[in-house]
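In my numbering, the protein residues as written are -11 to 232. Using N, Cα and C, we set each Cβ at its ideal position, and we do this for glycine too. This report refers to the structure that appears directly beneath it.
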Ligand SMILES: Nc1ncnc2c1ncn2[C@@H]1O[C@H](COP(=O)(O)OP(=O)(O)O)[C@@H](O)[C@H]1O
Ligand SMILES: [Mg+2]
C-alpha cells in the first residue's frame, strides 16, 4: 500500500504578513514517488519548497511529512525530521573540497564510521566525485556542483529530498545525466519533490506533476498525462513557439 510522504494542505505562505505568495496550495507526494512542480517564473515554486523547508513563514494550512506536522519547525531541525532541500543557487561550499562538502551534510551524525560509510555510498552513486574528492568544489563544472549539492543533502539520510531547479544552467547532455542520477536516488528509497523549468526532462523521470500559477496548484496529474496535456504543452513544452 502506498504511504503519504508529504501532504501540503491549503497552504498559505509569504515573505511579509501583507502579501501571501501561496494562497491555498494542495500537494501530495507518496513514498517512493518523484513529483515535479512546474510553473511560470514567479509562480511561487521556490516559495513553496522554502515554506515546506521552514524558510518561509506559513500563515495557513498544514504540512505533514510522513504523518508528522512539520509546519513551523525551524529549518535547521528539518534534517532530523527526514527532510533535505537543495536550493537553486549557492548550494555548495565553493572553498571546501568535495569531501568536506559532503561531510558538512552529515553534521548531525556524531558517528565517524557512519559518515565514512555514507561517504563511500555517495561516491558509489557519483563515481566522478570520488576521483576528485580532494578537489575544491568551486573548481567543478555546473553539473558536478549540482551532484555535490545532491550528495551533500543525501548525507543527512533524508526520507524526502527537495530540489529547486536542479537542471538550471546545465547543458542538455548534463541535464540527462543529472536526472538519471535522480532516478537512482529514488531507487535508493528516497522520495523526491522537484521544482523545474525544464518540464519535458523533469516529467520524463517523474511519476506525477503539478502546475503552480498565481499562488495555487492549477493542474495536477500523471507525468505522462501532463506531457500530453495541451495547456501544459503550450506553456512549458515549447509546443507553441515563443512561449517555452
Ligand atoms: N525573499 C523574498 N522576499 C519577498 N518576495 C519574494 C522573495 N522571494 C521571492 N519573492 C516573490 O515571491 C513570488 C514568487 O517567487 P518564487 O517563489 O521565487 O517563484 P518561482 O520560484 O516560481 O520563480 C515572486 O513574486 C517574488 O517576487
Ligand atoms: Mg524559483
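What does residue 207 pair with, by DSSP beta-bridge criteria?
Residue numbering aside, residue 207 sits at position 219 when the chain shown is read from its first letter. DSSP lists 199 as partners of residue 207.
For the region 32 to 49 against the region -10 to 3, are there 3 or more C-beta pairs whose distance is under 8 Å?
yes
Does the beta carbon of residue 205 fall short of 8 Å from some heavy atom of ligand 2?
Residue 205 sits at position 217 when you count from the first residue of the chain shown. Incorrect: residue 205 has no Cβ contact closer than 8 Å to ligand 2.
Under 8 Å: does the beta carbon of residue 27 sit that close to some heavy atom of ligand 1?
Locating residue 27 in the chain shown gives position 39, where the first residue counts as 1. Yes, ligand 1 has a heavy atom inside 8 Å of this Cβ.
Buried or exposed for residue 79, going by 16 or more other Cβ atoms inside 10 Å?
The residue you call residue 79 lines up with position 91 of the chain shown. Classification for residue 79: buried.
Please state the DSSP three-state secondary structure of residue 141.
Along the chain shown, read from residue 1 onward, the residue named residue 141 stands at position 153. Of the three classes helix, strand and coil, the one that applies to residue 141 here is helix, per DSSP.
Would you decide whether residue 3 is buried or exposed? Buried here means 16 or more other CB atoms lie within 10 Å of its CB.
The residue labelled residue 3 in the question sits at position 15 within the chain shown. It is exposed - the Cβ of residue 3 has fewer than 16 other Cβ atoms within 10 Å.
Where in the region 19 to 106 do unbroken runs of the alpha helix (DSSP H), each at least 4 residues long, occur, reported from the N-terminal end onward?
33 to 40, 66 to 69 and 86 to 92
Is any heavy atom of ligand 1 found at a distance shorter than 8 Å from the C-beta of residue 166?
The count along the chain shown starts at 1 and reaches residue 166 at position 178. No - ligand 1 has no heavy atom lying nearer than 8 Å to the Cβ of residue 166.
Using three-state DSSP, classify residue 1 as helix, strand or coil.
Working through the chain shown from its first residue, we reach residue 1 at position 13. Strand at residue 1.
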